[in-house]
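Colleague: In the working numbering, the protein residues as written are 76 to 711.
Positions of the beta carbon are idealized from the N, C-alpha and C atoms, including for glycine.
Okay, here's the thing in structure tokens:
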């Protein structure tokens, strides 16, 4: 590079530097430029954010629309013509009268809750038979275009016609209706349930002849004594035109029935829920499962059934649902004016004993009990009066039993003479024959004292069934007893004691204890009255063990029953002393001695007894002869 070129480059560089130096911005201009640049960047960022937000909103809107279409399509695919009713919001509507408060759910169109207004649980809480789907649910199964539709999962449209009538409508996509009309009459425990419909033949197969039905319930514990309540809870059912049957109360049980059923009932000790068909149920599958470890519920009941159904008929089948107490006059009243074949026999829900004992309760005991209840409020007093009435009616039999014992007692010295005359086991038959001959000549029959007592047994057994089943006693107090329908605990403990807790319980019932003590006293008196009878030595221990067995058995039973037996035994003891006071045993003995002098024709019973004794004696002699022969052969 020559000198001129170098000078040229230096001049150009100097010019550029000088231009830059003199043209540079001031500090104020630099700050203004930086501010302008920052504002430009912020405007660009805001524009970018707005654009992104708009895109997101548009995207979400598109997704929501896509999801809605997908859900609708899913419901349509799953439920077909019932897709619209497959979604909704559950709401509750109420019907009530003087007896019941009922809540209905729009989901399933079913009865969701039932409360009995006039009753409480043993701990004074509202008595609720069931509350919610967990407690109770029922439904109908529709088969539509290859789909199985459970009405429990459908949302019904409610229409409250008035204070006592509610219509639940299942509406299909095409406008067909399946309507359930619930009607609760004033002052009634019976809810009416009628099915009507329109256009259901469009969504159900033309050959539909029946509709499947199911009913499930967890039975609530309502009473103080769970063990006894559980033993009185099960599924009852009535065959059309026939009798009432039930599943086992004590263990898990199931039954499959193919015959027509008039009603199916879920029963606990004092209350029941019963589905009654106006026509019939076409058989059923029923299951009862105890819930041993659940303190709030007793058992799980489930029923699967069906009934005749035509989707083209506007008026469908009808039902009634009984939700109330197991009160005999009330349940028996539903059969008033009906023919024998049409009777519901709901009173059979109350276990009043087998046929003969039930007859005693329904014809004799319950009418007296109900009559006294019209005038007396205290059921302890009513039981006392009922006991006195029964003892008065049975007094002639009691007197005859005592007279027979008196005859045996005054003949005791002569019996002892016979025992001395024929001592030892070798002469047992002779001793027994001589004793029976004495009784025959004197006109005393050792068995005649037992017959009157046996005739009283049906009433005692009838009362045994009546008291634990009598809801009239539920919650009624008397003296120290708070509830005559349950045990009266004066002492209790929490610890589980093997053998004792399962059978005796964790408490001591005072009325049961009093009954046991009174029974022992009566047994002692009765033993003294019948001393000398040939049957007594072998039965003595058993007679004293019986009261102790009753103590174990009755400790968990209703206090009203123990109270009745206690009063009954007390009156019997008083009668015994009264008879002893008024009956002159010396005159009885004199009359028996006169009878011994008279030629007396043997009664048929005594003749048969003597004949049996002769055969027994001959058999014993033959055995003794064989034993002696075997002994001789052995010692040869």
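Residue 458: which of 276, 483, 551 sits nearest, CA to CA?
Modeller: Taking the first residue of the chain shown as position 1, residue 458 is located at position 383. Among 276, 483, 551, the Cα nearest to that of residue 458 belongs to 551.
Colleague: If you follow the alpha helix (DSSP H) that residue 404 is in, where does it begin and where does it stop?
Modeller: For the purposes of this step, residue 404 is taken as the residue at position 329 of the chain shown. 403–408 is the span of the alpha helix (DSSP H), which, as asked, contains residue 404.
Colleague: Are there 16 or more other CB atoms within 10 angstroms of the CB of residue 243, so buried, or fewer, so exposed?
Modeller: Locating residue 243 in the chain shown gives position 168, counting from the first residue. By the neighbour-count rule (16 or more Cβ atoms within 10 Å), residue 243 is buried.
Colleague: Can you tell me the Cα-Cα spacing of residue 581 and residue 326, whole angstroms?
Modeller: Taking the first residue of the chain shown as 1, we reach residue 581 at position 506. Taking the first residue of the chain shown as 1, we reach residue 326 at position 251. Approximately 22 Å, taken between the alpha carbons.
Colleague: Label residue 147 either buried or exposed according to how many other C-beta atoms from any shown protein chain fall within 10 Å of its C-beta, with 16 as the threshold for buried.
Modeller: In the chain shown, the residue the question calls residue 147 occupies position 72. With fewer than 16 other Cβ atoms within 10 Å, it is exposed.
Colleague: Per the DSSP calculation, residue 252 is bridged to which residue(s)?
Modeller: Reading the chain shown from its first residue, position 177 is the one you call residue 252. For residue 252, which the question treats as bridged, DSSP gives the partners 246, 273.
Colleague: Given a threshold of 16 other Cβ atoms within 10 Å of its Cβ, counted over all protein chains shown, does residue 488 qualify as buried or as exposed?
Modeller: For this step, residue 488 is matched to residue 413 along the chain shown. So residue 488 ends up on the exposed side.
Colleague: Does the structure place the region 229–237 close enough to the region 181–196 that three or more beta carbon pairs sit under 8 Å?
Modeller: Yes, they touch.
Colleague: Thinking residue 553 and residue 640 are a contact (beta carbons under 8 Å), I'd like their distance in whole angstroms, please.
Modeller: The sequence position of residue 553 within the chain shown is 478, counting from 1. The sequence position of residue 640 within the chain shown is 565, counting from 1. Incorrect: roughly 15 Å between the Cβ atoms, too far for contact.
Colleague: With DSSP as the reference, label residue 659 as helix, strand or coil.
Modeller: Taking the chain shown and counting its residues from 1, the one referred to as residue 659 is at position 584. Three-state DSSP puts residue 659 in coil, outside helix and strand.
Colleague: Unbroken beta strand (DSSP E) runs of length 3 or more, entirely within the region 575–654: which are they?
Modeller: Here the runs fully enclosed are 582–584.
Colleague: Strictly under 9 Å for the Cβ-Cβ distance: is residue 270 near chain D by that measure?
Modeller: Reference to chain D is not applicable here, since this structure consists of a single protein chain.
Colleague: Taking 7 Å as the limit between beta carbons, can you name the residues of its chain near residue 600, skipping five residues before and five after?
Modeller: Here the question's residue 600 lines up with position 525 in the chain shown. So the qualifying residues of the chain are 648, 651.
Colleague: Nearest to residue 626 by CA position, among 643, 587, 654, is which residue?
Modeller: Mapped onto the chain shown, residue 626 falls at position 551. Nearest C-alpha to residue 626: 587.
Colleague: Measure the beta-carbon distance from residue 288 to residue 199 and round it to whole angstroms, keeping in mind my assumption that it falls under 8 Å.
Modeller: Here residue 288 refers to the residue found at position 213 of the chain shown. Here residue 199 refers to the residue found at position 124 of the chain shown. At roughly 36 Å, the Cβ-Cβ gap does not stay under 8 Å, so residue 288 and residue 199 are not in contact.
Colleague: Mind checking which residues open and close the beta strand (DSSP E) that includes residue 189?
Modeller: Sequence index remark: in the chain shown, residue 189 carries index 114 (1-based). Segment 185–195, the beta strand (DSSP E) holding residue 189.
Colleague: Give the DSSP bridge partners of residue 364, in chain order.
Modeller: As a position in the chain shown, residue 364 is number 289, starting the count at 1. Residue 364 pairs with 375.
Colleague: Reducing DSSP to helix, strand and coil, say where residue 39 ends up.
Modeller: Nothing about residue 39 can be read from this structure; the chain reaches only from 76 to 711.
Colleague: Considering just the uninterrupted stretch of the beta strand (DSSP E) at residue 782, what are its terminal residues?
Modeller: This structure cannot settle anything about residue 782, because the visible part of the chain is limited to 76 through 711.
Colleague: Give a yes or no on whether the C-beta atoms belonging to residue 397 and residue 422 are separated by under 9 Å.
Modeller: Within the chain shown, residue 397 is the residue found at index 322, counting from 1. Within the chain shown, residue 422 is the residue found at index 347, counting from 1. Against a cut-off of 9 Å, the Cβ pair of residue 422 and residue 397 comes out as no contact.
Colleague: Residue range of the alpha helix (DSSP H) that residue 474 falls in?
Modeller: One-based indexing of the chain shown puts residue 474 at position 399. That run of the alpha helix (DSSP H) goes 454–485.
Colleague: Please classify residue 163: does DSSP put it in a helix, a strand, or coil?
Modeller: Counting from 1 along the chain shown, the entry for residue 163 is found at position 88. Note: residue 163 maps to coil in three-state DSSP.
Colleague: Do you know offhand how far residue 127's Cα is from residue 226's?
Modeller: Here residue 127 refers to the residue found at position 52 when the chain shown is read from its first residue. Here residue 226 refers to the residue found at position 151 when the chain shown is read from its first residue. Here the model assigns residue 127 a pLDDT of 47, short of 50, so the residue's position is not dependable, and the following value carries that caveat. Approximately 47 Å, taken between the alpha carbons.
Colleague: Residue 531: which of 563, 555, 472 sits nearest, CA to CA?
Modeller: Here residue 531 refers to the residue found at position 456 of the chain shown. Residue 531 has its Cα closest to that of 472, out of 563, 555, 472.
Colleague: For residue 555, which three-state DSSP category applies?
Modeller: Taking the first residue of the chain shown as 1, we reach residue 555 at position 480. DSSP places residue 555 in coil when its eight states are reduced to three.
Colleague: Is the region 359–370 touching the region 313–326 in the sense that three or more CB pairs, one from each, lie closer than 8 Å?
Modeller: Yes, the region 313–326 touches the region 359–370.
Colleague: Should residue 67 go down as buried or exposed, given a rule of 16 or more other Cβ atoms within 10 Å for buried?
Modeller: What the structure shows of the chain is the stretch from 76 to 711, and residue 67 is not part of that stretch, so it cannot be assessed.
Colleague: From the DSSP output, in three-state form, read off residue 338 for me.
Modeller: For the purposes of this step, residue 338 is taken as the residue at position 263 of the chain shown. Of the three classes helix, strand and coil, the one that applies to residue 338 here is strand, per DSSP.
Colleague: So, helix, strand or coil for residue 347, using DSSP?
Modeller: The count along the chain shown starts at 1 and reaches residue 347 at position 272. In the structure shown, residue 347 sits in a strand (DSSP, three-state: E or B).
Colleague: Please classify residue 484: is it buried, with 16 or more other beta-carbons within 10 angstroms of its beta-carbon, or exposed?
Modeller: Indexing the chain shown from 1 puts residue 484 at position 409. Buried is the call here.
Colleague: Starting from the C-beta of residue 384, find all residues in its chain whose C-beta is less than 6 Å away, skip the five residues before and the five after it, and write them out in chain order.
Modeller: Sequence index remark: in the chain shown, residue 384 carries index 309 (1-based). Same-chain partners within the cutoff: 285, 286.
Colleague: Quick check on residue 185: buried or exposed, where buried means 16 or more other Cβ atoms within 10 Å of its Cβ?
Modeller: Here residue 185 refers to the residue found at position 110 when the chain shown is read from its first residue. It counts as buried.
Colleague: Can you tell which of 566, 548, 567 has the C-alpha that lies nearest to the C-alpha of residue 558?
Modeller: On the chain shown, position 483 is the one that residue 558 refers to. Among 566, 548, 567, the Cα nearest to that of residue 558 belongs to 548.
Colleague: Starting from the Cα of residue 238, find the closest Cα among 176, 272, 188, 207 and give me that residue.
Modeller: Walking along the chain shown from the start, residue 238 turns up at place 163. Considering only alpha carbons, the answer is 176.
Colleague: Check whether the region 291–309 touches the region 410–424, counting contact only when three or more Cβ pairs, one atom from each stretch, lie closer than 8 Å.
Modeller: No: fewer than three Cβ pairs fall under 8 Å.
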